[in-house]
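Here is the structure we will look at.
There are 2 protein chains.
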Amino acid sequence: MRNDTQGLLLNISAVEKDTGLSKDVLRMWERRYGFPRPGRDDNGERQYSATDVGKLRAMKRLMDVGLRPGKIIGLTLTELNAIADARTPARPSPLALDIEHDVLAMLRSHDLPGLQHTLANQVMRQGLQRFVLDTITPLNRAVGDAWMRGDLQVFEEHLYTEQLQVALRAAINASPRQSGTPRMLLTTLPAELHGLGLLMVEAMLVPEGVHCISLGPQTPLEDIRRAAIAHQVHIVALSFSAAFPVRQAVDGLATLRRELPAQMTLWAGGELTRRVRKTMPGIMLIPDLAWTVNALHSWRTHHVPQPV
Amino acid sequence: MRNDTQGLLLNISAVEKDTGLSKDVLRMWERRYGFPRPGRDDNGERQYSATDVGKLRAMKRLMDVGLRPGKIIGLTLTELNAIADARTPARPSPLALDIEHDVLAMLRSHDLPGLQHTLANQVMRQGLQRFVLDTITPLNRAVGDAWMRGDLQVFEEHLYTEQLQVALRAAINASPRQSGTPRMLLTTLPAELHGLGLLMVEAMLVPEGVHCISLGPQTPLEDIRRAAIAHQVHIVALSFSAAFPVRQAVDGLATLRRELPAQMTLWAGGELTRRVRKTMPGIMLIPDLAWTVNALHSWRTHHVPQPV
DNA sequence: TTCTATTGTTGTCCTGGACATAAAATCCCA
DNA sequence: TGGGATTTTATGTCCAGGACAACAATAGAA
Chain L
1 MRNDTQGLLL NISAVEKDTG LSKDVLRMWE RRYGFPRPGR DDNGERQYSA TDVGKLRAMK
61 RLMDVGLRPG KIIGLTLTEL NAIADARTPA RPSPLALDIE HDVLAMLRSH DLPGLQHTLA
121 NQVMRQGLQR FVLDTITPLN RAVGDAWMRG DLQVFEEHLY TEQLQVALRA AINASPRQSG
181 TPRMLLTTLP AELHGLGLLM VEAMLVPEGV HCISLGPQTP LEDIRRAAIA HQVHIVALSF
241 SAAFPVRQAV DGLATLRREL PAQMTLWAGG ELTRRVRKTM PGIMLIPDLA WTVNALHSWR
301 THHVPQPV
Chain G
309 MRNDTQGLLL NISAVEKDTG LSKDVLRMWE RRYGFPRPGR DDNGERQYSA TDVGKLRAMK
369 RLMDVGLRPG KIIGLTLTEL NAIADARTPA RPSPLALDIE HDVLAMLRSH DLPGLQHTLA
429 NQVMRQGLQR FVLDTITPLN RAVGDAWMRG DLQVFEEHLY TEQLQVALRA AINASPRQSG
489 TPRMLLTTLP AELHGLGLLM VEAMLVPEGV HCISLGPQTP LEDIRRAAIA HQVHIVALSF
549 SAAFPVRQAV DGLATLRREL PAQMTLWAGG ELTRRVRKTM PGIMLIPDLA WTVNALHSWR
609 THHVPQPV
């Protein structure tokens with residue numbers, strides 16, 4: 001623990017900052033589920049134990065990947081950790097572990113130049129695609145876990161994301177000019193803030209010679225349609241984080257599919273797509289980054305290059 | 309405006325994120341002062357206009373430098389801005405304006421490497437002390453103003469602070485090894501989070517040959533005493549941001565003065581010290597960074613170097 | 001003048017209710 | 001039996017208004 005929360009009791013404001021769960025949610029859970037049930041000080045105000053806060057962090061982390069509070073609030077911290085572990089079967093390589101350790105240390109000491117240097121080096125060493133699959137993916141998990149253990153503050157996690165985006169963008173721009181086929185439009189729907197996934201997809205595809213046109217996150221549906229037509233893209237790819245409401249995603253995709261020219265392929269990727277049951281005609285779900293390359297190969301074999 | 313809040317109405321959550329004023333405070337002000345008085349949607353929930361949010365941001369900014377809400381809530385946005393302007397009489401130089409412009413642009417585009425580069429260059433060009441006085445001070449204000457206008461998000465402001473600390477730390481470490489006199493202990497009291505002021509003081513003094521020992525922010529009183537004695541420092545310097553409660557600062561300083569050996573000098577600096585009326589025996593108030601150097605010279609003339 | 005007690009300000013927390021919206025379960029139709 | 005629409009359940013956010021602690025300002029005492 002870096003936070004000096006050892007035997008200490010936290011008030012509701014501190015718990016809100018620490019866990020990211022709003023005061024309203026904390027009180028609501030107490031009312032509805034009976035957990036957490038903090039003690040009260042002389043003044044009748046809630047005093048949360050470090051133990052409870054630890055469990056709250058673990059719950060938050062699982063909820064961020066789609067689990068619902070009612071399902072997990074009865075479990076012990078050990079059980080929660082077991083669920084989290086079960087969701088990430090692959091053990092990272094020893095090399096990745098080294099990097100993880102270094103990166104976490106640099107985040108804790110706010111050594112941003114060191115962090116940039118490490119990330120840039122690692123891209124060089126592994127190449128962009130392997131970097132995304134073998135380094136970033138476990139690293140993201142490690143950073144999330146560190147937060148859960150109280151080893152990183154919210155802001156430090158934010159710093160990490162930011163630096164990672166910088167590194168990826170630099171590496172993507174360093175790639176030889178992308179003017180190949182297919183042309184692909186990359187973005188997210190409005191309300192989806194998570195731009196990192198977008199960059200990761202781009203990093204996977206640019207080395208394959210794909211001509212990526214990224215609009216950044218939060219593009220209104222109508223603008224996506226217009227941009228797709230203006231750029232004459234072959235594929236429109238949308239990214240969805242786990243937190244995005246399934247219903248909104250499905251509706252948005254269906255609308256977009258209806259409004260896009262039929263010959264344009266529509267891809268949907270990101271954590272959220274693992275939770276989608278329905279098969280949606282004309283929409284390709286890509287729940288795993290590693291599959292993007294397969295999906296691309298498949299697209300290429302089915303689309304004979306057109307003479308310009 | 310970068311935020312797409314033009315004709316839009318914001319709900320209370322969005323205003324909280326945007327202004328940094330908690331929902332409770334927003335409701336309380338409405339109850340007590342009658343401002344803001346947002347409209348209601350079909351569901352009876354508050355809907356704030358962009359105009360009101362602008363005034364709220366301006367108020368928040370003034371409160372962060374010590375004004376009280378009751379005094380300013382009746383003023384118009386123009387009057388609030390006039391007060392803010394009046395507090396910073398010096399106009400920055402044309403050079404500083406250029407840098408401001410560049411830095412803001414880079415913050416908006418999240419160009420961290422560019423930002424680091426610019427800051428590092430500027431340190432080289434001006435030297436550490438002038439950098440602190442002529443660049444950082446107006447830059448801090450420019451960043452704060454940009455936030456107030458809605459041109460920067462909270463997170464981008466945070467990013468700025470972080471990068472600035474990185475740049476300062478690098479420049480300080482690059483200075484020739486500090487082993488001179490006086491030896492000075494630098495820190496802040498617990499509950500004071502603001503570490504930037506500390507670094508700025510250090511940056512002012514290291515080029516003067518002061519041997520700075522920084523404990524970072526938030527050191528418990530007893531630890532300050534112990535560290536001061538262990539390192540046999542000549543001066544203990546504490547930094548206080550404007551937001552720090554005056555009473556706590558005064559009490560903390562008095563206690564520390566009592567517990568420190570009499571021959572040790574105690575300095576208190578930072579925005580807060582401008583609001584302190586009381587003269588405190590044995591404690592030197594330094595409300596302006598530029599005065600640190602004077603204070604140092606004065607200390608040196610009054611303390612004949614001791615043979616070791 | 002400086003210290004201390006009092007008074008006014010201001011923010012945070014509390015309870016408990018209402019309700020919108022997402023997810024899950026159910027139903028219905030081909 | 002699968003897909004789509006509809007109902008039910010789960011969950012989060014908002015609201016009102018009260019209480020009170022912490023802080024600042026002011027008045028009074030030494």
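Keeping their order, the protein sequence lines are chains L and G.
The opening residue of the first sequence carries number 1 in the working numbering; numbering runs sequentially from there.
The opening residue of the second sequence carries number 309 in the working numbering; numbering runs sequentially from there.
Beta carbons: idealized from backbone N, C-alpha and C, even for Gly.
Own chain partners of residue i with C-beta closer than 6 Å, once the 5 adjacent residues on each side are dropped
| i | result |
| --- | --- |
| I73/L | Y33 and F35 |
| V616/G | Here the model assigns V616/G a pLDDT of 45, short of 50, so the residue's position is not dependable, and the following value carries that caveat. For V616/G, where only same-chain residues beyond five positions count, there are no Cβ hits under 6 Å. |
| G503/G | P525 |
| K363/G | L385 |
For residue i, three-class secondary structure by DSSP
| i | result |
| --- | --- |
| S606/G | helix |
| S417/G | coil |
| V15/L | helix |
| I381/G | coil |
| L181/L | Per the sequence presented here, residue 181/L reads as Thr, with Leu not at that position. Coil, per DSSP. |
| V236/L | strand |
| M588/G | coil |
| Q47/L | strand |
| A479/G | helix |
| R40/L | strand |
| G577/G | strand |
| H194/L | coil |
| L427/G | helix |
| T188/L | coil |
| L317/G | strand |
| H409/G | helix |
| L62/L | helix |
| H211/L | strand |
| L21/L | coil |
| L289/L | coil |
| F463/G | helix |
| H303/L | coil |
| P217/L | coil |
CB contact flag (residue i, residue j, <9 Å)
| i | j | result |
| --- | --- | --- |
| T573/G | M592/G | yes |
| T495/G | P525/G | yes |
| A567/G | R533/G | This sequence places Glu at residue 567/G; Ala is not what is there. Against a cut-off of 9 Å, the Cβ pair of R533/G and E567/G comes out as a contact. |
| V584/G | L564/G | no |
| V206/L | S175/L | yes |
| L77/L | A50/L | no |
| H234/L | H302/L | no |
| E100/L | P138/L | yes |
Proximity to residue i [Cα-Cα], best of the options
| i | options | result |
| --- | --- | --- |
| L501/G | A392/G, H466/G and G362/G | H466/G |
| N81/L | A228/L, S179/L and R149/L | R149/L |
| G328/G | G352/G, E387/G, S401/G and R365/G | R365/G |
| Y356/G | D350/G, K363/G, H539/G and P346/G | P346/G |
| F244/L | S109/L, A50/L and M63/L | M63/L |
| V15/L | I213/L, Q153/L and T301/L | Q153/L |
| D453/G | K368/G, D406/G and L420/G | K368/G |
| D24/L | V554/G, S321/G, R339/G and L472/G | S321/G |
| D419/G | T76/L, L164/L and C212/L | L164/L |
| L318/G | R449/G, D349/G and M336/G | D349/G |
| L95/L | I136/L, T76/L and T78/L | I136/L |
| V65/L | R274/L, R300/L, H302/L and I286/L | R274/L |
| S241/L | G269/L, I99/L and V233/L | G269/L |
| L507/G | V541/G, E470/G, I537/G and H539/G | E470/G |
| D52/L | Q263/L, R68/L, R91/L and E30/L | E30/L |
| A392/G | D406/G, L405/G and L375/G | L375/G |
Rounded Cβ spacing between residue i and residue j (contact assumed at less than 8 Å)
| i | j | result |
| --- | --- | --- |
| G422/G | M414/G | 5 Å |
| P498/G | P528/G | 6 Å |
| T88/L | R46/L | At roughly 33 Å, the Cβ-Cβ gap does not stay under 8 Å, so T88/L and R46/L are not in contact. |
| L561/G | I521/G | Going by Cβ atoms, the distance from L561/G to I521/G rounds to 19 Å, so no, they are not a contact pair. |
| I594/G | W575/G | 6 Å |
Same chain only: Cβ atoms within 7 Å of residue i, ignoring 5 sequence neighbours per side
| i | result |
| --- | --- |
| M204/L | Q129, V132, L289, T292 and V293 |
| E208/L | V293 and L296 |
| A167/L | Q116, L119, A120 and V123 |
| S330/G | E324 |
Cβ-based neighbour list, residue i, same chain, cut-off 8 Å, excluding 5 preceding and 5 following
| i | result |
| --- | --- |
| V620/G | Only positions 309 to 616 of chain G appear in this structure, which leaves residue 620/G out of reach. |
| Q523/G | Here residue 523/G turns out to be Leu, not Gln, going by the sequence shown. Result list for L523/G: L493, L494, T495, D531, I532 and A535, in chain order. |
| H211/L | Q178, S179, G180, T181, P182, R183 and M184 |
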